[in-house]
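Participant: Quick one: the structure is below, and I'll ask about it shortly.
Residue numbers (our numbering): 3 to 352.
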């Protein structure tokens with residue numbers, strides 16, 4: 003792979019889309035500081051986009067433009083060879099070894115940013131496709147399968163949590179995520195009600211003591227039904243109700259940061275990285291797989307462990323039937339978004 007071209011005196015500012023480069027580039031121009039400029043461009047060219055997506059575009063561009071600055075390269079016009087070199091370095095051990103999915107997401111963000119500036123990044127160029135294929139092949143040989151959590155192991159993890167406000171939140175996260183087979187991003191992007199926030203991607207509806215998790219996914223809208231568990235200590239419904247009552251949350255993000263003194267919650271949405279840390283911390287405290295070294299235990303469990311093993315053949319068949327029914331709705335008159343209802347209550351065994 004060719005090294006990035008050297009061009010330390012390039013006059014093009016590494017600015018965000020929507021900002022005209024009328025001044026020579028400064029030494030600190032690699033970092034995009036105006037998130038608003040990206041938002042403005044997005045609104046003008048592609049319609050409404052969530053704040054989360056805008057922040058992701060800004061973060062991707064900041065990372066790439068800073069990398070270009072360090073290498074004396076100009077990010078304009080789009081150069082597949084330059085982007086290919088950037089991709090290879092992102093996957094190098096010295097740069098933290100990002101997962102292929104993360105690299106692909108950053109590449110998508112760069113392409114979107116270039117598009118907003120009226121320029122095209124050819125992601126099918128061999129410089130880019132060859133780099134991605136090499137990274138995927140290398141990752142396939144080194145990635146480790148995450149171990150699914152059993153109901154008993156999850157109960158042991160929940161038992162390590164404190165009885166304060168922070169513990170109530172974390173208990174609800176673990177039990178709801180496990181019972182609902184939810185990704186960590188889906189958990190933190192839940193709102194208490196429909197339409198509470200612009201960046202929310204789902205909400206909770208209550209029906210006869212059951213919680214209905216309504217989510218917007220890549221394939222459309224889904225409903226995931228969560229019913230009371232068999233034990234008071236591991237019931238996802240009780241845990242969720244307790245957290246909402248304890249925190250006083252009636253609208254907006256369901257899961258938020260707790261104040262240091264446990265006296266209340268902040269308004270901002272919780273970062274999904276907290277869930278990854280929560281799982282690893284509670285796995286260690288609960289003594290799960292204490293027969294192997296701590297480093298191996300940490301590598302063996304992740305947020306994927308919450309979701310693994312909860313699907314059944316019956317649910318797969320149900321999903322297929324519901325998807326066929328959903329397809330039929332597209333031929334009818336416009337109506338509120340159709341949803342697939344997935345009942346996951348009886349399979350979590352909590």
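We treat Cβ as the ideally placed atom computed from N, Cα and C, and that holds for glycine.
Keep in mind that this is a model prediction, so the values were computed, not measured.
I need the boundaries of the alpha helix (DSSP H) containing residue 222, first residue and last residue.
Facilitator: Here residue 222 belongs to no alpha helix (DSSP H); instead the beta strand (DSSP E) covers 222-228.
Participant: Going by alpha carbons, who is nearest to residue 163 out of 240, 298 and 288?
Facilitator: Closest option to residue 163, Cα to Cα, is 288.
Participant: Residue 280 and residue 183 - do their beta-carbons sit closer together than 8 Å?
Facilitator: In this structure, residue 280 does not lie closer than 8 Å to residue 183 by Cβ.
Participant: List the whole-angstrom C-beta distance separating residue 356 from residue 237, where the pair is believed to meet the contact cut-off of C-beta under 8 Å.
Facilitator: Because residue 356 is not part of the residues shown, which for the chain are 3 to 352, the question remains open.
Participant: Helix, strand or coil for residue 75, going by three-state DSSP, please let me know.
Facilitator: Note: residue 75 maps to coil in three-state DSSP.
Participant: Rounded to whole angstroms, what is the Cα-Cα separation between residue 64 and residue 256?
Facilitator: Cα to Cα, the separation comes out at about 30 Å.
Participant: Which value, in whole angstroms, describes the spacing of the CA atoms of residue 193 and residue 202?
Facilitator: If I take the Cα positions, the gap works out to 6 Å.
Participant: Going by beta-carbon coordinates alone, are residue 228 and residue 212 separated by less than 8 Å?
Facilitator: It is a contact, given that the beta carbons lie within the stated cut-off.
Participant: Report the three-state DSSP secondary structure of residue 29 (helix, strand or coil).
Facilitator: For residue 29, the pLDDT reaches just 35, beneath the cut-off of 50, and the residue's location in the model is therefore unreliable, although a value from the coordinates is still provided. If DSSP states are grouped into helix, strand and coil, residue 29 belongs with coil.
Participant: Sort 139, 217 and 302 by Cα distance to residue 102 and report the nearest one.
Facilitator: Nearest option by C-alpha distance: 139.
Participant: In chain order, which beta strand (DSSP E) runs of at least 3 residues are fully inside the stretch 179-259?
Facilitator: Entirely contained in the stretch 179-259, the beta strand (DSSP E) runs reaching 3 residues are, in chain order, 204-209, 212-219 and 222-228.
Participant: Exposed or buried, residue 245, counting other C-beta atoms within 10 Å across all chains shown (16 or more means buried)?
Facilitator: It is buried - the Cβ of residue 245 has at least 16 other Cβ atoms within 10 Å.
Participant: Straight-line CA distance for residue 233 to residue 277?
Facilitator: Taking the straight line joining both Cα atoms gives about 23 Å.
Participant: Could you give the residue range of the alpha helix (DSSP H) that holds residue 118?
Facilitator: That run of the alpha helix (DSSP H) goes 102-118.
Participant: Short of 8 Å in beta carbon distance, which residues of its chain neighbour residue 300, apart from the five on each side in sequence? Order them along the chain.
Facilitator: 282, 285 and 286.
Participant: Just curious, the alpha helix (DSSP H) that residue 1 is in, first and last residue?
Facilitator: In the structure displayed, the chain extends from 3 to 352; residue 1 sits before or after that span and is not available.
Participant: Find the nearest neighbour of residue 72 within the set 82, 185 and 91, judged by alpha-carbon distance.
Facilitator: Answer by Cα proximity: 91.
Participant: Would you kindly report the start and end of the unbroken alpha helix (DSSP H) that includes residue 299?
Facilitator: Element bounds for residue 299: 296-302.
Participant: Can you tell which of 250, 305 and 169 has the C-alpha that lies nearest to the C-alpha of residue 269?
Facilitator: It is 250 whose Cα lies nearest to the Cα of residue 269.
Participant: Would you kindly work out how many angstroms separate the C-alpha atoms of residue 133 and residue 267, rounded to a whole number?
Facilitator: Between residue 133 and residue 267, the C-alpha separation is close to 44 Å.
Participant: Here's the rule I'm using: 16 or more other beta-carbon atoms within 10 Å means buried, otherwise exposed. How should residue 205 be labelled?
Facilitator: When all chains shown are included, residue 205 counts as buried.
Participant: Pick helix, strand or coil for residue 269, following the three-state DSSP scheme.
Facilitator: Residue state, collapsed to three classes: strand.
Participant: My assumption, with CB atoms under 8 Å, is that residue 118 sits in contact with residue 80. Please give the rounded CB distance.
Facilitator: Actually they do not touch by this definition, with Cβ atoms about 12 Å apart.
Participant: Of the residues 223, 178, 62 and 310, which one's Cα is nearest the Cα of residue 196?
Facilitator: The residue with the shortest Cα to Cα distance from residue 196 is 223.
Participant: Using the beta-carbon count (16 or more within 10 Å), is residue 207 buried or exposed?
Facilitator: So residue 207 counts as exposed.
Participant: So residue 105 and residue 94 are in contact, right, with Cβ under 8 Å, and what is the actual spacing, rounded?
Facilitator: So it is not a contact: roughly 11 Å between Cβ atoms.
Participant: Quick check: residue 243 and residue 52, are their CB atoms within less than 8 Å of each other?
Facilitator: Not closer than 8 Å, so no.
Participant: Within 10 angstroms of its Cβ, does residue 155 collect 16 or more other Cβ (buried), or is it exposed?
Facilitator: That one is buried.
Participant: If you draw a straight line from the alpha carbon of residue 111 to that of residue 210, how long is it in whole angstroms?
Facilitator: Cα to Cα, residue 111 sits roughly 43 Å from residue 210.
Participant: Would you mind reading off the limits of the alpha helix (DSSP H) that contains residue 306?
Facilitator: Run containing residue 306: 306-309, per the alpha helix (DSSP H) assignment.
Participant: Short of 8 Å in beta carbon distance, which residues of its chain neighbour residue 254, apart from the five on each side in sequence? Order them along the chain.
Facilitator: Contacts found: 193, 194, 198, 199 and 269.
Participant: Are there 16 or more other CB atoms within 10 angstroms of the CB of residue 167, so buried, or fewer, so exposed?
Facilitator: When all chains shown are included, residue 167 counts as buried.
Participant: Thinking just about the alpha-carbon of each residue, which of 252, 265, 248 and 273 is nearest to the one in residue 258?
Facilitator: Selected option, being the one with the closest Cα: 273.
Participant: Does DSSP put residue 290 in a helix, in a strand, or in coil?
Facilitator: Coil, per DSSP.
Participant: In chain order, what residues of the same chain have a beta carbon less than 8 Å from the beta carbon of residue 239, not counting five sequence neighbours either side?
Facilitator: So the list reads 211, 212, 213, 228, 229, 230 and 231, once near-sequence residues are dropped.
Participant: Compare the Cα-Cα distances from residue 291 to each of 235, 82, 158 and 309 and report the closest residue.
Facilitator: Cα-wise, what sits closest to residue 291 is 158.
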